[in-house]
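Engineer:
Protein chains: 2
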Amino acid sequence: MDSQQQTRTVVRELAKQYERIAADLRAKIRAKEYSPGDRMPTEDALKTHYKVSAPTIRHAVGVLEAEGLVQRQHGRGTFVRKPRQRVQRSTERYQWEKDRVKLSETERGTTGATEHDTGREMSALQFFASYDSLAANADLATVFDVSEGTKLLHRVYRTGIKTEDAPLSLIDSYMVHDVAARNPDLLSADNEPWPGGTQHQLYTIGIELDYIREELTARPPTAYEAEQLELSAGTAVIALRKISVATTGDVVEVSDVVLPGDRTVAVYTTELVRWED
Amino acid sequence: MDSQQQTRTVVRELAKQYERIAADLRAKIRAKEYSPGDRMPTEDALKTHYKVSAPTIRHAVGVLEAEGLVQRQHGRGTFVRKPRQRVQRSTERYQWEKDRVKLSETERGTTGATEHDTGREMSALQFFASYDSLAANADLATVFDVSEGTKLLHRVYRTGIKTEDAPLSLIDSYMVHDVAARNPDLLSADNEPWPGGTQHQLYTIGIELDYIREELTARPPTAYEAEQLELSAGTAVIALRKISVATTGDVVEVSDVVLPGDRTVAVYTTELVRWED
DNA sequence: GAGTGGTCTAGACCACTGT
DNA sequence: CAGTGGTCTAGACCACTCC
Chain D
28 MDSQQQTRTV VRELAKQYER IAADLRAKIR AKEYSPGDRM PTEDALKTHY KVSAPTIRHA
88 VGVLEAEGLV QRQHGRGTFV RKPRQRVQRS TERYQWEKDR VKLSETERGT TGATEHDTGR
148 EMSALQFFAS YDSLAANADL ATVFDVSEGT KLLHRVYRTG IKTEDAPLSL IDSYMVHDVA
208 ARNPDLLSAD NEPWPGGTQH QLYTIGIELD YIREELTARP PTAYEAEQLE LSAGTAVIAL
268 RKISVATTGD VVEVSDVVLP GDRTVAVYTT ELVRWED
Chain P
28 MDSQQQTRTV VRELAKQYER IAADLRAKIR AKEYSPGDRM PTEDALKTHY KVSAPTIRHA
88 VGVLEAEGLV QRQHGRGTFV RKPRQRVQRS TERYQWEKDR VKLSETERGT TGATEHDTGR
148 EMSALQFFAS YDSLAANADL ATVFDVSEGT KLLHRVYRTG IKTEDAPLSL IDSYMVHDVA
208 ARNPDLLSAD NEPWPGGTQH QLYTIGIELD YIREELTARP PTAYEAEQLE LSAGTAVIAL
268 RKISVATTGD VVEVSDVVLP GDRTVAVYTT ELVRWED
């Protein structure tokens with residue numbers, strides 16, 4: 028009987044060693060035996076303690092990393108993860124933005140929705156935009172209610188805080204090209220960041236927004252998103268589709284926004300109609 | 028020079044073999060060379076094709092699984108994941124529920140918010156509830172604006188569709204115990220499912236809701252959540268805190284809701300005030 | 001029983017971090 | 001340079017699925 032078989036026999040309750048070890052470490056973290064920020068025992072120490080081979084320990088720690096409980100840092104150690112500071116993203120931003128549309132440029136000047144969310148000055152924020160155009164795929168054609176292949180203006184945005192290196196969001200925004208073209212200034216990224224934001228841009232082509240619909244899902248980041256948002260293993264993203272509808276009923280802008288799940292809280296408030304007594 | 032070194036030299040661009048293989052497979056999936064639902068080549072075939080050892084292939088496929096691109100099934104094979112059918116969870120449910128509070132019990136009878144979301148009959152839905160009470164921790168005490176240790180009514184709910192085995196959500200709901208106790212019927216799970224839902228329960232103790240605030244984040248599931256919601260590797264959950272505020276301004280109910288990210292879309296609509304022309 | 005994925009060992013060497 | 005995590009090999013055996 029080899030050593031693996033022996034261990035199996037001893038640990039009848041939970042056949043999988045890596046799960047047993049993961050459960051044990053998880054319990055210790057929950058019990059604050061290892062606190063947030065602490066370094067976990069080295070893999071070598073765990074190997075000796077649990078009497079298993081290195082890959083088994085790595086697997087066990089990998090499970091905890093996938094759950095977002097710990098974070099491994101090459102050459103430094105494995106640490107119990109501290110919650111990252113969260114940025115609140117509230118829908119009040121939209122009414123706030125709308126209220127500012129008709130102000131003068133100097134009044135709109137330093138204001139943007141990101142500033143609203145983070146409570147920071149525009150000057151402390153990173154901003155990057157690039158424009159191009161593309162043909163609507165089936166998905167976007169349905170949302171805009173146009174035929175597939177219709178030319179769309181495609182704008183890519185990255186926003187972030189200068190002192191932090193990773194952006195706060197990845198945004199792909201779409202508009203029907205011919206609609207945006209009514210104001211040629213809207214077709215070039217040179218005019219970004221546009222004072223007053225998207226709603227002011229729409230105002231210049233005679234569009235007033237009636238409502239904004241947001242659809243949220245959660246999923247693991249793609250390899251690209253993980254790199255861009257500097258997400259480690261064990262995090263998820265909020266994938267949000269924002270659909271802006273004009274007072275005419277037309278869908279005028281669609282944005283696909285990817286937000287780091289470990290530092291974003293999306294807040295929505297539903298007001299209810301009062302009963303008449 | 029051992030074989031690993033040799034390979035390194037050959038593949039200069041991307042040192043990590045498992046990443047090179049993962050990138051290659053990822054590209055093939057995106058190019059629909061392997062389509063959703065298809066079985067991927069066996070690990071043995073990949074091992075031969077890429078000329079690496081078994082654990083390296085497993086690591087590469089593991090990366091794709093963590094991204095939610097493929098799903099491994101023991102004894103059957105590895106499959107390209109198909110998107111799961113999504114359930115929409117819209118905040119209209121709340122106004123809908125409020126409008127029904129003052130109806131008679133028979134009118135409220137078969138209606139619940141889950142029915143509203145899924146569009147299914149109450150009879151086709153699973154429902155499970157259990158009640159207990161506990162002392163408020165610091166977090167909940169802050170939200171309710173009561174002192175730490177205040178006795179809270181704690182209710183656990185699981186809702187789901189009978190024909191599917193996994194629940195649609197895991198809910199932990201909290202109320203200040205003394206407030207709920209004004210109607211003793213509210214203290215026992217025996218009266219669940221309560222016709223008309225939480226808002227009707229609150230109505231019986233003289234509470235009308237003014238607004239509901241929801242805070243959403245995304246994260247990987249805990250081991251427990253993955254088991255309960257039958258989530259495989261490569262999925263995330265939406266963690267939603269719902270805070271119900273009465274017309275008096277008091278926080279009367281708080282729910283922590285966990286939703287499977289791969290089959291839930293949370294929808295929020297923000298109405299904007301019209302400009303006066 | 002054949003096929004396929006899952007767990008595990010034992011050990012080598014690479015790569016990053018900090019003293 | 002020591003310490004720590006990351007990648008990889010070669011091979012054994014287990015466990016699940018389906019014919």
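Residue numbers (the numbering used here), protein chains in the order written: chain D, 28 to 304; chain P, 28 to 304. Note that CB positions come from ideal geometry on N, CA and C, so glycine has one too.
#1: State whether the region 78-87 of chain D contacts the region 258-276 of chain P, with contact taken as three or more CB pairs (one from each stretch) at a distance under 8 Å.
#2: Please go through the region 226-288 of chain P and give each complete beta strand (DSSP E) segment of 3 or more residues, from N-terminal end onward.
#3: I think V281 (chain D) touches L197 (chain D), with their Cβ atoms under 8 Å apart; what is that distance to the nearest whole Å?
#4: Since I believe Q122 (chain P) is in contact with V294 (chain D) (beta carbons under 8 Å), could you give me their beta-carbon distance rounded to a whole number of angstroms?
#5: Under a three-way DSSP split, which group does L179 (chain P) fall into?
#6: Excluding sequence positions up to five away, which residues of its chain have a Cβ less than 8 Å from the Cβ of H181 (chain P)?
#7: Which residues mark the beginning and the end of the alpha helix (DSSP H) in which Q122 (chain D) is found?
#8: Report the three-state DSSP secondary structure of D51 (chain D) (helix, strand or coil).
#9: Quick one: residues in its chain with C-beta nearer than 7 Å to the C-beta of D212 (chain D), no 5 flanking neighbours on either side, listed in chain order?
#10: Using the C-alpha atoms, what's the distance from V264 (chain D) back to R99 (chain P)?
#11: For the alpha helix (DSSP H) containing T169 (chain D), list its first residue and its last residue.
#12: With 8 Å as the threshold, decide whether the Cβ of K125 (chain P) is near any Cβ in chain D.
#13: Any contact of the region 224-236 of chain P with the region 239-254 of chain D, i.e. 3+ C-beta pairs under 8 Å?
#14: Could you please tell me which residues of the region 152-172 of chain D, in chain order, have their CB closer than 8 Å to any CB of chain P?
#15: Are any of the Cβ atoms in chain D nearer than 8 Å to that of T105 (chain P)?
#16: What residues from the region 225-256 of chain P come within 7 Å of chain D, judged by C-beta to C-beta, listed N to C?
#17: Alpha carbons only, please: which of D:A50, D:L179, D:A216 is nearest the one belonging to V203 (chain D)?
#18: Since Q122 (chain P) meets chain D, which of its residues come closer than 8 Å, beta carbon to beta carbon?
#19: So, is D71 (chain P) buried or exposed, given that buried needs 16 or more other C-beta atoms within 10 angstroms?
#20: With hydrogens ignored, establish whether the beta-carbon of E70 (chain D) is closer than 7 Å to any heavy atom of the ligand SAM.
#21: Using a beta-carbon distance below 8 Å, is I84 (chain P) in contact with chain D?
#22: At a CB-CB cut-off below 9 Å, which residues of chain P make contact with D289 (chain D)?
#23: Assign A172 (chain D) to buried or exposed, taking buried as 16 or more other Cβ atoms, counted over all protein chains shown, within 10 Å of its Cβ.
#24: Would you please state the rounded distance, in angstroms, between the beta carbons of V128 (chain P) and Y45 (chain P)? I believe it to be under 8 Å.
#25: Does the CB of A81 (chain D) have a neighbour CB from chain P at under 8 Å?
#26: Quick check on I198 (chain D) - is its C-beta less than 8 Å from some C-beta in chain P?
#27: Whole angstroms is fine: what's the gap from V305 (chain D)'s alpha carbon to T296 (chain P)'s?
#28: Please tell me whether R108 (chain P) and G89 (chain P) are closer than 8 Å, where the distance is taken between their beta carbons.
#29: State yes or no: is the C-beta of L91 (chain P) within less than 8 Å of the C-beta of L130 (chain P)?
#30: Is the beta carbon of V292 (chain P) less than 8 Å from the beta carbon of R120 (chain P)?
#31: Check the DSSP bridge columns for Y201 (chain P) and list the partner residues they point to.
#32: Among residues of its own chain, excluding the 5 on either side of A208 (chain D), which ones have a beta-carbon nearer than 7 Å to its beta-carbon?
Structural biologist: Taking the geometry as given:
#1: no
#2: 236-246, 264-273, 278-287
#3: Here residue 281 (chain D) corresponds to residue number 254 of the first sequence, with the count starting at 1. Here residue 197 (chain D) corresponds to residue number 170 of the first sequence, with the count starting at 1. Wrong, their Cβ atoms sit about 15 Å apart, outside the cutoff.
#4: The count along the first sequence starts at 1 and reaches residue 294 (chain D) at position 267. The count along the second sequence starts at 1 and reaches residue 122 (chain P) at position 95. In fact, because the Cβ distance is near 18 Å, the residues do not count as touching under 8 Å.
#5: As a working note, residue 179 (chain P) is residue 152 in the second sequence. The answer is strand: DSSP assigns L179 (chain P) an E or B state.
#6: Numbered from 1 along the second sequence, position 154 holds the residue referred to as residue 181 (chain P). If we look at H181 (chain P) and ignore the five residues flanking it on each side, its Cβ neighbours are Y158, D159, S160, L161, D199, S200, Y201.
#7: Mapped onto the first sequence, residue 122 (chain D) falls at position 95. It spans 119-127 - the alpha helix (DSSP H) in which Q122 (chain D) sits, taken as one unbroken run.
#8: Numbered from 1 along the first sequence, position 24 holds the residue referred to as residue 51 (chain D). Looking at D51 (chain D) - three-state DSSP - the assignment turns out to be helix.
#9: Position 185 of the first sequence, counted from the start, is the residue given in the question as residue 212 (chain D). Cβ neighbours of D212 (chain D) beyond the five flanking positions: N218.
#10: Mapped onto the second sequence, residue 99 (chain P) falls at position 72. Mapped onto the first sequence, residue 264 (chain D) falls at position 237. Rounded to whole angstroms, R99 (chain P) to V264 (chain D) spans 22 Å at the Cα level.
#11: As a position in the first sequence, residue 169 (chain D) is number 142, starting the count at 1. From DSSP, the alpha helix (DSSP H) with T169 (chain D) extends over 165-171.
#12: In the second sequence, residue 125 (chain P) corresponds to position 98, counting from 1. Output row for K125 (chain P): interface = yes.
#13: no
#14: none
#15: Residue mapping note: residue 105 (chain P) aligns to position 78 of the second sequence, counting from 1. Closer than 8 Å: no.
#16: E235, L236, D237, Y238, I239, R240, E241, E242, L243, T244, A245, R246, P247, T249, A250
#17: As a first step, residue 203 (chain D) must be located in the first sequence, where it is residue number 176. Among D:A50, D:L179, D:A216, the Cα nearest to that of V203 (chain D) is on D:L179.
#18: Sequence index remark: in the second sequence, residue 122 (chain P) carries index 95 (1-based). By Cβ distance, chain D contributes T297, L299, V300.
#19: Stepping through the second sequence from its first residue, residue 71 (chain P) is reached at position 44. It is exposed - the Cβ of D71 (chain P) has fewer than 16 other Cβ atoms within 10 Å.
#20: The model on display carries no ligand, and the ligand SAM is accordingly not part of it.
#21: Translated into the one-based positions of the second sequence, residue 84 (chain P) becomes position 57. So no, I84 (chain P) is outside the interface.
#22: Numbered from its first residue, the first sequence carries residue 289 (chain D) at position 262. What D289 (chain D) touches in chain P: T244, A245, R246.
#23: Locating residue 172 (chain D) in the first sequence gives position 145, counting from the first residue. Going by the sequence as given, residue 172 (chain D) is Asp instead of Ala. Burial call: exposed.
#24: The residue you call residue 128 (chain P) lines up with position 101 of the second sequence. The residue you call residue 45 (chain P) lines up with position 18 of the second sequence. No, V128 (chain P) and Y45 (chain P) are not in contact; Cβ-Cβ is about 57 Å, not under 8 Å.
#25: As a position in the first sequence, residue 81 (chain D) is number 54, starting the count at 1. Closer than 8 Å: no.
#26: Taking the first residue of the first sequence as 1, we reach residue 198 (chain D) at position 171. For I198 (chain D), the answer is no, since every Cβ of chain P falls outside 8 Å of its Cβ.
#27: Examination of residue 305 (chain D) is not possible in this model, given that chain D is present from 28 through 304 alone.
#28: For this step, residue 108 (chain P) is matched to residue 81 along the second sequence. For this step, residue 89 (chain P) is matched to residue 62 along the second sequence. Going by C-beta atoms, R108 (chain P) is not nearer than 8 Å to G89 (chain P).
#29: Locating residue 91 (chain P) in the second sequence gives position 64, where the first residue counts as 1. Locating residue 130 (chain P) in the second sequence gives position 103, where the first residue counts as 1. No, the Cβ-Cβ distance between L91 (chain P) and L130 (chain P) is not below 8 Å.
#30: On the second sequence, residue 292 (chain P) is found 265 positions in, with the first residue counted as 1. On the second sequence, residue 120 (chain P) is found 93 positions in, with the first residue counted as 1. In this structure, R120 (chain P) does not lie closer than 8 Å to V292 (chain P) by Cβ.
#31: As a working mapping, residue 201 (chain P) is identified with position 174 in the second sequence. Answer by DSSP bridge pairing, in chain order: P:H181, P:V281.
#32: Your numbering for residue 208 (chain D) matches position 181 in the first sequence. Hits under 7 Å: L214.
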